[in-house]
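Protein chains: 2
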Amino acid sequence: MALRDELVAMGARAREASRRLARLPSAAKDAALLAMADGLEAARTELQETNRRDLAAAVEAGLSRAMIDRLTLSDGVIAAMAAGLREVAALPDPVGEVVRMWKRPNGLVVGRKRVPLGVIAMVYESRPNVTADAGGLCLKAGNAVILRGGREAIHSSLAIAAVLDRAGREAGIPEGAIQVVETTDRAAVLELLQLDRYIDLIIPRGGEGLIRFVTENSRIPVIQHFKGVCHVFVDASADLERAEAIVMNAKVQRPGVCNALETLLVHRDAADAFLPRVAAALAGAGVEIRGCPETRARVPAATAATDADWDAEYLDLVLAVRVVDSLDDALAHIDAHGSLHTESIVTADYANAQRFLDEVDASCVMVNASTRFNDGQQLGLGAEIGIATTKLHSYGPMGIEDLTTTKFIVYGQGQIRE
Amino acid sequence: MALRDELVAMGARAREASRRLARLPSAAKDAALLAMADGLEAARTELQETNRRDLAAAVEAGLSRAMIDRLTLSDGVIAAMAAGLREVAALPDPVGEVVRMWKRPNGLVVGRKRVPLGVIAMVYESRPNVTADAGGLCLKAGNAVILRGGREAIHSSLAIAAVLDRAGREAGIPEGAIQVVETTDRAAVLELLQLDRYIDLIIPRGGEGLIRFVTENSRIPVIQHFKGVCHVFVDASADLERAEAIVMNAKVQRPGVCNALETLLVHRDAADAFLPRVAAALAGAGVEIRGCPETRARVPAATAATDADWDAEYLDLVLAVRVVDSLDDALAHIDAHGSLHTESIVTADYANAQRFLDEVDASCVMVNASTRFNDGQQLGLGAEIGIATTKLHSYGPMGIEDLTTTKFIVYGQGQIRE
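Protein sequences, first through last, are from chains W and D. If you count the first sequence from 1, position 29 lands on 29 in my numbering, and the numbers rise without skipping. If you count the second sequence from 1, position 411 lands on 1411 in my numbering, and the numbers rise without skipping.
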């Protein structure tokens, strides 16, 4: 079958499944999620056997150690997928919730009721576990999902999807609820992006190149997650011990993720006391500092930051540091160089805390907390499907509720319009 | 200046204005809206003089009477624009509202706070009053707006925007908050749709052709409003007097709009009693009936419906009528032919009312009420900017809140992630 026909058939199956999923009781969805978790654990040996094919190809292709790590379905990764599905089963079902209801002067009772989005397509790169994580979240929110994972993990992804499909169908989930595209080249993505008749939302997960490619070629709405150039601003009034703990946590606890700290801004009045101590702590953790002249005057080991450093997402043990004259200057720097992802101020000043929260445009703005908390689980949404840095539909971490929309419902008693 | 450069400059001005608009106090926005309303009334004579240029061109081009009506800035239309701006001023400001706030086990206090979307572009057809209506709503929600109206109304739109701009700036609204694109060919729309650096959302208002053109060519998220093929289902248990009043209101009160009734479904058990009486009432109002064979057996004056009638948006005094065997058949018909717009059941049966509300996928689902109520004003949202029949971000009538998004705010006390 030609690629386009194959994808159209998948789209039609997904659309049909989505109509049935929308009406499925919570108990049926939760039972299916638990059966899927059990199924993954029971299939561990066969999943790992299949995974070895992807790993062998990866070694042969000379992929990096980090890439191969991400591909590997270790015991721990399989256990985490199963635990993730069980967590999603335990979340409240968003579908059917009436988020607000009010009465009109003519007696009409009007409400907004949560319903699934319909069909969601995930386009992602190497991690095969996304197959289970995204599949479970979409199912719980009553959506069908089409998964198009990376070439490197394709055998593993297909094997995981087969386990989910088998377990789900035995528990009453309709055929087509969770499907994986077998063709892994970009042509398949391009075709997928044209299927606006069948797909309601595209969520790309991966590098900036993938996300731009999807955005530029899609006829279907795309939730975008671009890079995270996250800042911590240490205000003049900051408690320096607290500031140091937050900076270290934000930079070092897991430097390779999007909510890690990339640029530290320090108020001039705190610079003499704060920069030498935080530089020592950072050096102890192996962090390279690239500083402005004011920073280098206080931290001799720092190299000189270039213009590019203020826009860099290092995802590594590197930190850009700049001394600023005021809160206004910090806000202007973030406005110019931030990526609408995560921004944090460390301060003891009430007015500055409020101004920072009000005026910074980012998906998550914090006072006296590590940027690492911008995460669906950490903020209390349960599992997340991604962090949106665009504003339409969702802005920030997307939990299960963000995979739904609301329709208007109206209870009348024969009203007609004058 | 080349078209692209001109639009990029407009985009940059709008982006800059949007940063300032986001921080503007409610009182400043409301004062500006009231000044704009006064300004429009004060400029009535000059607006009507300019409008005559558009009207003369329309007559020369042989436009229909209805088109010319829509173009005309009568005293009534100008008064309605001013009243609309005053109504928007009286609405609560959505910006800054914290829609929910909760505490995490580690003490972090997390909230979701409403913020403007940023820059909105409206692409619309002939009515020049959209310039004021959309401009006012976008301003109140803290957004900058770029308006690209139809060629036929361009002089009127530019004149209205000039009045708004002058009144707004005197009241402290930044330059670039409300701008009108002077170039009215499709090339300008195409260029606008590429400006994803500057524009956050595109809202097209007009015929299906325009909306498809925008959707297929946009890199920016689009809120779509396709046609309204709205149904009323008269159930076996319906109060027939109530059913007749609802059908007549939905079909006849204003047939040329998207929430007007297009197909009537009647339960077989109600058909003998209901069809002859409603047919008489419809005939009295000049409505042509196109019926299924079962309908024609009961309404001799009805012509035969073809397959195309079940998908038609007549926007005229024509009604398709079909007899169905059950609620299930009515649901299946709506599933196959509905347009996700507005669907209503007339019933006295509790279980059927609940099933209809649950199972029908449409932006607004009603029990015992006229489809004509699917409108932002009627449902209590205040003025509306359109009705979305796609599900992302908004589904149904879009009020002022739908022109905002929420960002996460976090109040910490030094928390770091384990």
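Ideal Cβ positions, reconstructed from N, Cα and C, are used throughout, including at glycine.
Check, Outcome
"Candidates W:I160, W:N374, W:R20: which alpha carbon is nearest M36 of chain W's?", "W:I160"
"Using 9 Å as the threshold, is the C-beta distance between S64 of chain W and C230 of chain W below it?", "no"
"Can you tell me whether P128 of chain W is buried or exposed? The criterion is at least 16 other CB atoms within 10 Å of its CB, across all chains shown.", "buried"
"Whole angstroms are fine: how far does the CA of R1268 of chain D sit from the CA of R1219 of chain D?", "48 Å"
"Find the nearest neighbour of D328 of chain W within the set W:A312, W:D358, W:L315, W:S339, judged by alpha-carbon distance.", "W:D358"
"Nearest to A280 of chain W by CA position, among W:D309, W:A82, W:T405, W:M248, is which residue?", "W:M248"
"If we call anything under 9 Å between Cβ atoms a contact, is T1270 of chain D one with V1234 of chain D?", "As written in the sequence, residue 1270 of chain D is Ala, which differs from the Thr given in the question. Contact: yes."
"Find the residues of chain D that neighbour A245 of chain W, judging by a C-beta separation of less than 7 Å, and give them in chain order.", "G1414, I1416"
"What in chain D is Cβ-close to H393 of chain W, meaning under 7 Å?", "L1392, H1393"
"H341 of chain W lies in the alpha helix (DSSP H); which residues open and close that run?", "Premise fails: H341 of chain W is in no alpha helix (DSSP H) and is neither H nor E."
"Can you pull the DSSP bridge partners for T263 of chain W?", "W:H231, W:A320"
"Just how far apart, CA to CA, sit L425 of chain W and V145 of chain W?", "Nothing about residue 425 of chain W can be reported from this structure: the residues present for chain W run from 1 to 418 only."
"Go to C138 of chain W, then tell me how far its alpha helix (DSSP H) extends in each direction, as first and last residue.", "130-140"
"Please report whether the beta-carbon of D235 of chain W lies at a distance below 9 Å from any beta-carbon of chain B.", "In the structure shown, chain B cannot be found, because the protein chains are W and D."
"So, with DSSP's three-state summary, where would you put N374 of chain W?", "coil"
"Just to confirm, is the Cβ distance from L317 of chain W to P255 of chain W under 9 Å?", "yes"
"Cβ of A250 of chain W less than 9 Å from any chain D Cβ?", "yes"
"With Y1350 of chain D as the anchor, note down where its alpha helix (DSSP H) starts and where it stops.", "1350-1359"
"What residues are listed by DSSP as bridge partners for K1407 of chain D?", "D:K1113"
"Which partner residues of Y124 of chain W appear in the DSSP bridge assignment?", "W:R205"
"Would you call the region 172-191 of chain W and the region 17-27 of chain W in contact, with 3 or more CB pairs under 8 Å?", "yes"
"Between the region 1285-1292 of chain D and the region 1318-1338 of chain D, can you find at least three pairs of beta-carbon atoms closer than 8 Å?", "yes"
"Excluding the 5 residues preceding and the 5 following V365 of chain W in the sequence, name in chain order all residues of the same chain whose CB lies nearer than 6 Å to its CB.", "E343, L357"
"Is DSSP giving L147 of chain W helix, strand or coil here?", "strand"
"Using only the alpha-carbon positions, how far apart do D361 of chain W and A167 of chain W sit?", "44 Å"
"Where Y198 of chain W and A9 of chain W are concerned, what is the direct C-alpha to C-alpha distance, given to the nearest angstrom?", "10 Å"
"Could you tell me the alpha carbon to alpha carbon distance between N368 of chain W and D272 of chain W, rounded to whole angstroms?", "20 Å"
"With H, G and I counted as helix, E and B as strand and the rest as coil, what does DSSP make of E401 of chain W?", "helix"
"Quick one: what's got a C-beta closer than 6 Å to R1044 of chain D's C-beta in the same chain, skipping five residues either side?", "I1078"
"Mind listing which residues of the region 1362-1384 of chain D have their C-beta closer than 8 Å to chain W's C-betas, in chain order?", "A1362, S1363, C1364, V1365, M1366, V1367, N1368, A1369, S1370, R1372, F1373, N1374, Q1378, L1379, G1380"
"Residues of the region 204-236 of chain W with a CB closer than 7 Å to any CB of chain D: list them in chain order, please.", "T215, E216, R219, P221"
"Can you confirm whether V318 of chain W, when its beta carbon is compared against all beta carbons of chain D, has any partner nearer than 9 Å?", "no"
"Using 9 Å as the limit for Cβ to Cβ distance, is G1396 of chain D near chain W?", "yes"
"Can you name the start and end residues of the alpha helix (DSSP H) that A89 of chain W belongs to?", "75-90"
"Give the DSSP-derived three-state secondary structure of R290 of chain W in the structure shown.", "strand"
"Would you identify the three-state DSSP class for N1368 of chain D, choosing helix, strand or coil?", "strand"
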